[in-house]
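Chains as they are written, first to last, in this note's numbering: chain A, 93 to 545; chain B, 93 to 545.
This report refers to the structure that appears directly beneath it.
Protein chains: 2
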Amino acid sequence: MSATIDEQPTLADLLRSALEQGATENLPELIDAHAAQDIAQALGELPRHHWHSLFERLDHARAADVYAHLPTEHQTLLLERLGHDEAIRLIGELSYDDAAAVLDELRDEHAEAILGALPQDDQDALTALLAYPEESAGRIMTPEFVTVRPEWTVAEALDHLRDHSEIAETVNTIFAVSPEGQLLGWMRLKDLLLSRPRSIVGSALRTDIVSIEAQEDQEEAARRISHYDLDVLPVVDEHGVILGIITVDDVLDIIRDETTEDFHRMAAVGDLPLSMRDATMRLLYRKRIGWLVILVAVNILSGAAIAFFETSIEAVVALVFFLPMVIATGGNAGAQASTLMVRALATGDIQNRDWFRLGSKEILVSVTLGLSMAAAIWLTGNWLGNLEVANAIAIAMFLVVVFGSLFGMTLPFVLTRLRLDPATASAPLITSVVDVVGIVIYFGVATAILQLN
Amino acid sequence: MSATIDEQPTLADLLRSALEQGATENLPELIDAHAAQDIAQALGELPRHHWHSLFERLDHARAADVYAHLPTEHQTLLLERLGHDEAIRLIGELSYDDAAAVLDELRDEHAEAILGALPQDDQDALTALLAYPEESAGRIMTPEFVTVRPEWTVAEALDHLRDHSEIAETVNTIFAVSPEGQLLGWMRLKDLLLSRPRSIVGSALRTDIVSIEAQEDQEEAARRISHYDLDVLPVVDEHGVILGIITVDDVLDIIRDETTEDFHRMAAVGDLPLSMRDATMRLLYRKRIGWLVILVAVNILSGAAIAFFETSIEAVVALVFFLPMVIATGGNAGAQASTLMVRALATGDIQNRDWFRLGSKEILVSVTLGLSMAAAIWLTGNWLGNLEVANAIAIAMFLVVVFGSLFGMTLPFVLTRLRLDPATASAPLITSVVDVVGIVIYFGVATAILQLN
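And the structure:
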């Protein structure tokens, strides 16, 4: 990134100077020239006392559009700065899935006050969405969709779409239902357009339906949309009645957030609901101190193991020189193995039942890695020390690398079986455990070979 | 995952038993009942000698659909098992972006033989795509799209779409162009459908165009589609002439692959072009041994640092007991900080210019973490050892945690500035460097406070 790029004023810079210098006549032009997503992002970079003054300069539809693209925590903060009437008008302009996500984050009394002031049909729709479990497909769907009937003609279906598409989030994929609302098939808008107007919808309908039940996990919804290359995933109840739709752009956000969660867990950081930009010092401290304390408890065992082998250390001080190489390599091999498994499990590349087959492969890989590293440290040991020490540390290296790899590879599967997140098998956790076991193996082997007792 | 689920036969199991028991009359039913994506996935789990026999039972369109969903490495392997004529027919059925990706992976002679046997217009289109740099937007776009002219009536535009939509990958978003092909605006198919047939396309056109130049990186294409919630991103040349489109489902694959690359780099594993399921032992060894050797070289310095402080160790053996706790905690804090930065840089949550602001926050966070961990180890040290040792290790703990955090936080920014991937700041790399510096700080502080010289 060159200095020139860094010095370009950002949209946030331009908005700030317009607001601060009272040159607000430039604002409409700036706002019109940028997408709602960019204005939402710039808003997050502005000092909070500017938020309201920028926001009240947007017309209603534009304000709702910008608001829908703010991160959840900014939506809540901004809503609290708006007056009651303004807040209600804004929530009323949002699509139901966005509105439900905002209400969910507000204090209960605040959410109920807003909900109670909305028109009855909005109230009913939002209450229904909020009744689904958190992180379920039902919670993130929108009930704003249009269905057609298979017995209609194509011309009738197109007329129906023309009359109702304003309220629908998308009509790129159209679902056909029974009188009871059961999902019978689907077609692309394009195929409807290509069909002869007098033909029957049912004759062009595709019946290879991919859907999800409202109670299922939102991650499963993301997996299906991604695996089947869908624009839209219909959400159904236990009788197959369509309740709502989830669109691919919602799924991009879910995938990003779930992946970030995995990254953080793999580094022994707790779940951060905020972006790094907005996370407070206090929050970052809280999310990091927990694992540091847990892991230091494991490290005490490393210290105890070293203390236990005090006499070996005093007899051959050279052993301490090679100790970091051996246990660090074991930890690194373990971190490699666990990350490969955690990521492959997360993408669905492998399943839990593949453990045995992958385990067999990992044994071969770890033996080869162990032999290579043992050869390297044997040469170093023989060059710096003596043959006996070289033999001892090479054997220890081999055993520690094999142990580290197999432990790192197995832990994610064990966690999955215990219904825990495999990403809990973080590099710091693997390294700490391999340290303890590695020290015992290292001095155990050295004591035996060098006959130190 | 319950045992019952594990015991359910998978589609791959069913296909295998049908092929092996010669009960091939069940195959058409099995194939019809499953999506192309699922058949492609099952194919990957079958022994390779079954691939061809399964594949020749699919009709042409279905075969192309299944083939398009195979991972690249399987596409190449399968193509080499097909006869020349079969291979050409298959490539001819694929969309241009998929065909270009396959040809790119084949041996040059093989790719040229197939390319030369295709109709001239397919040859031209594929040669044009393959001329763009690897991982560029041009390489992954498809030239199969339909454009309209702003001066047309809505009825004319719809007629044009009806005549040409068969060849287009999607018509959910329609682009309007000048006679020279320059992109002038866009509209949703839905909006075209809602407009009065006699109105002019230009009057309903939206001009807030988001596009990408063909030479730009595919990751940037993914970022724009995700940020602007697009179904389709138009790819243009330097004059704004539309060359192709990239669809959101292509982007889901790119995001998954780039994220996997980041996960692997963060664990000091080289880039794996294959899935874990198919990666050979040899490949896994090659991708893991490199960093293990580099890191062991860093670990030698740890050993050297310990050897340098040999007299301190002999004077106060209790120091060795607390060493793992101090340096491991520093490494863990560093891994936390680097992962938070790497992920936030990858999602665009923060940019390189945010370093100073985030650095200030990290100083506060790391000081607080350092003080907490120092207090914890001081209590342990005072309880187990004596006050002087407790003071020394507590000060060392504070300094090592602060150093680890700031080093882990800064390295991803430095790498970005050097135009390297920030994900190279892996947990194993951070841990190894913090080990060396941590040992020097630890014994340095202890030597000074305990007056060991």
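Even glycine gets a Cβ: it sits at the ideal position worked out from N, Cα and C.
Every candidate beta strand (DSSP E) stretch fails here, since none sits fully inside the stretch 281-314 of chain A while reaching 3 residues. Listed along chain A, no residue sits closer than 7 Å to B:Thr168 by beta-carbon distance, the nearest being about 18 Å off. Three or more Cβ pairs drawn from the stretch 523-531 of chain A and the stretch 422-432 of chain A lie within less than 8 Å of each other, which places the two stretches in contact.
Annotation: the continuous beta strand (DSSP E) that includes A:Val328 extends over 324-328.
Three or more beta-carbon pairs separated by less than 8 Å are not found between the stretch 397-415 of chain B and the stretch 475-494 of chain A, which leaves the two stretches without contact.
Excluding sequence positions up to five before and after B:Ser145, its CB lies within less than 8 Å of the CB of Leu111, all in the same chain and listed in chain order. Cβ atoms of A:Leu186 and A:Ala160 come within 8 Å of each other, at about 6 Å. In the DSSP assignment, A:Thr421 falls within the alpha helix (DSSP H) that extends over 410-439. Counting the other Cβ atoms within 10 Å of the Cβ of A:Asp323 gives 16 or more, which makes it buried. Residues Ile469, Ile485, Ala488, Met489, Val492, Gly530, Tyr534 of the same chain have their beta carbon placed closer than 8 Å to that of B:Val418, with the five preceding and five following residues left out of the count. By the Cβ neighbour-count rule, A:Leu461 is buried, with 16 or more other Cβ atoms within 10 Å of its own.
Scanning the stretch 445-511 of chain A for uninterrupted beta strand (DSSP E) segments of 3 residues or longer gives nothing; none is fully contained.
When the five nearest sequence neighbours on each side are left out, the beta carbons in the same chain lying within less than 8 Å of the beta carbon of A:Ala153 are those of Glu185, in order along the chain.
Assigned with DSSP and collapsed to three states, A:Trp244 falls in coil, not helix or strand. B:Arg369 and A:Ala482 have their C-alpha atoms spaced approximately 37 Å apart.
Scanning its chain for C-beta atoms nearer than 8 Å, with the 5 sequence neighbours on each side dropped, one finds around A:Leu544 the residues Thr403, Ser404, Ala407, Val408, Ala538, in chain order. For A:Phe414, a Cβ of chain B is located within less than 7 Å of the residue's own Cβ. In this structure, the CA atom of B:His356 is about 10 Å from the CA atom of B:Glu350. Considering only A:Gly500, A:Glu172, A:Glu236, A:Asp441, the residue with the shortest C-alpha distance to B:Pro163 is A:Asp441. Within its own chain, the residues whose Cβ lies closer than 8 Å to the Cβ of B:Arg280, once the five positions on either side in sequence are excluded, are Asn264, Thr265, Ile266, listed in chain order. Taken in chain order, the complete alpha helix (DSSP H) segments of 4 residues or longer contained in the stretch 120-195 of chain A are 128-137, 140-147, 152-160, 164-173, 176-185.
Rounded to whole angstroms, the Cβ separation of A:Ala229 and A:Glu308 is 5 Å, and the two are in contact under 8 Å. Leu281, Lys282, Leu285, Leu286: these are the residues of the stretch 266-295 of chain B whose beta carbon lies less than 7 Å from some beta carbon of chain A, given in chain order. At least one CB atom of chain B sits nearer than 7 Å to the CB of A:Met417. Neighbours of A:Ile123 across chain B, judged by C-beta separation under 9 Å, do not exist; the nearest C-beta is about 12 Å away. Two segments are said to touch when three or more pairs of C-beta atoms, one from each, lie closer than 8 Å; by this definition the stretch 430-440 of chain B touches the stretch 503-521 of chain B. The three-state reading of DSSP puts A:Ser367 in coil, since its state is none of H, G, I, E or B. When the Cα atoms are used, B:Glu227 and B:Val333 turn out to be separated by approximately 21 Å. Excluding sequence positions up to five before and after A:Asp196, its CB lies within less than 7 Å of the CB of Leu222, all in the same chain and listed in chain order.
When 8 Å is used as the limit between beta carbons, A:Met501 is near no residue of chain B, the shortest such separation being about 10 Å. In this structure the stretch 311-326 of chain A lies against the stretch 112-132 of chain B, because at least three pairs of beta carbons, one per stretch, are closer than 8 Å. Remark: C-beta atoms of A:Leu297 and A:Gly277 approach each other more closely than 7 Å.
The beta carbon of B:Phe237 is closer than 6 Å to those of Ala260, Ile337 in its chain, skipping five residues each way along the sequence. Taking a C-beta distance under 7 Å as the contact criterion, A:Pro242 and A:Val293 qualify as a contact pair. Distance between B:Ile386 and B:Gly395, taken at the CA atoms: about 15 Å.
Scanning its chain for C-beta atoms nearer than 7 Å, with the 5 sequence neighbours on each side dropped, one finds around B:Asp157 the residues Ala128, in chain order.
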